[in-house]
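Undergrad: Attaching a single structure in structure tokens format; questions to follow.
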Amino acid sequence: MAELSIHFYSNCLHRSTTFKMIIPNDKRTDSFPPVANGKTSEKPMKTLFLLHGYTGDAGNWVPEWLCEKYNFAVVTPSGENSFWLDAEATGHQFASFLGIELVDYVRRTFNLARTRDDTFIMGFSMGGFGALHTAFQFPEVFGKTAALSSALIHHEVANMKPEGGVDGKGGNGVANYAYYRECFGEPSKVLESDANPETLVKKILAGTLKTTDGSKAIMPEIFMACGTEDFLLEPNRAFHKFLDEQGVKHVYMESKGIHDMIFWQEYAAKFVPMMFGE
28 MAELSIHFYS NCLHRSTTFK MIIPNDKRTD SFPPVANGKT SEKPMKTLFL LHGYTGDAGN
88 WVPEWLCEKY NFAVVTPSGE NSFWLDAEAT GHQFASFLGI ELVDYVRRTF NLARTRDDTF
148 IMGFSMGGFG ALHTAFQFPE VFGKTAALSS ALIHHEVANM KPEGGVDGKG GNGVANYAYY
208 RECFGEPSKV LESDANPETL VKKILAGTLK TTDGSKAIMP EIFMACGTED FLLEPNRAFH
268 KFLDEQGVKH VYMESKGIHD MIFWQEYAAK FVPMMFGE
């Protein structure tokens with residue numbers, strides 16, 4: 028298992044940044060099984076871009092034996108507290124960094140993530156929002172997306188005002204109005220903008236989404252899960268309902284759990300076989 032930390036200059040972020048990779052490119056030849064059932068995939072290696080949540084940073088939270096068993100590399104970038112969106116400010120183009128620049132760097136440097144059929148994305152909380160939004164914004168890049176306990180707060184943001192709220196500054200107890208305006212753009216315009224994943228879904232279905240390579244946008248395969256005790260349960264249910272109403276095929280699961288790594292690793296272990304299985 029190769030574990031790498033790569034430092035490179037990002038033109039989208041206007042600075043040097045670091046991402047991490049795990050590449051299961053070594054196989055044991057002794058009698059000890061390399062994975063739980065003693066078998067590894069013989070198919071070409073695929074790549075999973077793995078996104079952290081709010082206040083988090085780059086790090087792998089998918090069990091390594093799954094990477095070995097299903098033969099996929101993991102790329103873990105740092106999105107700071109950006110919601111993985113392109114903001115107006117210079118150096119805050121995190122969606123373009125992730126969906127264009129970083130994928131291109133991984134392709135050129137490691138010869139991985141060559142096509143949408145072997146390039147997937149997964150995240151939790153803010154990263155769950157990012158996994159959905161990025162896959163919808165760049166459906167020519169990502170063939171599958173998995174979103175766990177996703178912070179699908181675009182409707183909440185749309186109703187924010189610069190005053191009031193929990194903190195008196197238009198915030199919701201997590202961050203203030205200025206923060207959400209920086210990430211999502213003008214709150215009153217969020218629902219019609221491309222910062223809203225629902226807008227992107229509708230564009231894909233209507234055939235009006237512009238892809239980076241000029242190809243026709245194809246809906247990624249979608250996997251979602253949320254714990255029944257999670258404070259983000261209702262927004263996840265609402266997005267699940269939205270996808271149903273739009274006729275978008277997807278997997279949605281709920282089970283007992285809160286907003287924590289126990290739940291996210293449980294569903295990473297459930298969704299990885301669905302995404303990478305034979």
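One point on numbering: in our numbering, the residue at position 132 of the sequence shown is 159, and numbering is uninterrupted.
Idealized CB from N, CA, C, for every residue including glycine.
1. Since Y36 sits in a beta bridge, which residues does DSSP pair it with?
2. Per DSSP, which one or two residues make a beta bridge with T172?
3. What does the alpha-carbon distance come out to for the pair N38 and E190?
4. Would A295 and V89 qualify as a contact pair, given that the criterion is a beta-carbon distance under 7 Å?
5. Which one of F46, L75, I33, S32 has the shortest CA to CA distance from A174?
6. So, at 8 Å on beta carbons, what are the nonlocal neighbours of L31 in its own chain, with the 5 sequence-adjacent residues on each side left out?
7. Straight-line CA distance for A100 to E272?
8. Following the continuous beta strand (DSSP E) through G197, name the residue where it begins and the one where it ends.
9. Taking the beta strand (DSSP E) that E281 falls in, what are its first and last residues?
10. If we count the other Cβ atoms within 10 Å of its Cβ and call it buried at 16 or more, is M153 buried or exposed?
11. If you measure between the beta carbons of V228 and V184, is that distance less than 7 Å?
12. On a CA-only basis, which of A29, P166, E256, V275 is nearest W92? Give me that one, please.
13. Classify T235: buried if its beta carbon has 16 or more other beta carbons within 10 angstroms, exposed otherwise.
14. Near Y36, what residues of its chain come up, given a Cβ to Cβ distance below 6 Å and the 5 sequence neighbours on each side ignored?
15. For R135, is the classification buried or exposed, using 16 other Cβ atoms within 10 angstroms of its Cβ as the cut-off for buried?
16. Hey, would you say G170 sits closer than 7 Å to D144, going by beta carbons?
17. If T238 sits next to E167, beta carbons under 8 Å apart, how far is it from one beta carbon to the other, in whole angstroms?
18. Please report how far the alpha carbon of G308 lies from the alpha carbon of M187, in whole angstroms.
19. Considering only residues of the same chain and omitting the five flanking positions on each side of G195, which have a CB-CB separation below 6 Å?
20. What does G191 pair with, by DSSP beta-bridge criteria?
21. Y279 and M251 - do their beta-carbons sit closer together than 7 Å?
22. So who's on the other strand from Q164, going by DSSP bridges?
23. Can you find the residues in the same chain that come closer than 6 Å, C-beta to C-beta, to I289, ignoring five residues on each side of it along the sequence?
24. Counting C-beta neighbours from all protein chains within 10 Å, is the total for E261 16 or more, i.e. buried, or is it exposed?
25. Suppose contacts are defined by Cβ-Cβ distances below 7 Å. Is S177 in contact with G155 by that definition?
26. Does D257 pass the burial test, meaning 16 or more other C-beta atoms within 10 Å, or should it be called exposed?
27. Beta-carbon within less than 6 Å of E248's beta-carbon, same chain only, minus the 5 sequence neighbours each way: which residues are those?
28. Might you give, ordered along the chain, the residues of its own chain that have their beta carbon closer than 8 Å to the beta carbon of G212, omitting 5 neighbours on each side?
29. Would you mind working out which of P214, V275, E95 sits nearest H182, comparing C-alpha positions?
TA: Judging by the given coordinates:
1. S43
2. I148, I249
3. 35 Å
4. Closer than 7 Å, so yes.
5. In terms of Cα proximity to A174, the closest of F46, L75, I33, S32 is L75.
6. K47, M48, I49, I50
7. Put simply, the backbone Cα of A100 is about 34 Å away from that of E272.
8. 196-198
9. 278-282
10. buried
11. no
12. A29
13. exposed
14. Apart from sequence neighbours up to five positions away, the residues of its chain that approach Y36 with a beta-carbon distance below 6 Å are S43, ordered along the chain.
15. exposed
16. When the beta-carbon positions are compared, G170 and D144 come within less than 7 Å of each other.
17. 4 Å
18. Any question about residue 308 goes unanswered here, given that the chain covers just 28 to 305.
19. none
20. K196
21. Yes, these two residues count as a Cβ contact at 7 Å.
22. DSSP output for Q164 lists no bridge partner at all.
23. none
24. exposed
25. yes
26. Within a 10 Å sphere around the beta-carbon of D257 sit 16 or more other beta-carbons, which makes this residue buried.
27. K171
28. A114, E115, S220, A222
29. P214
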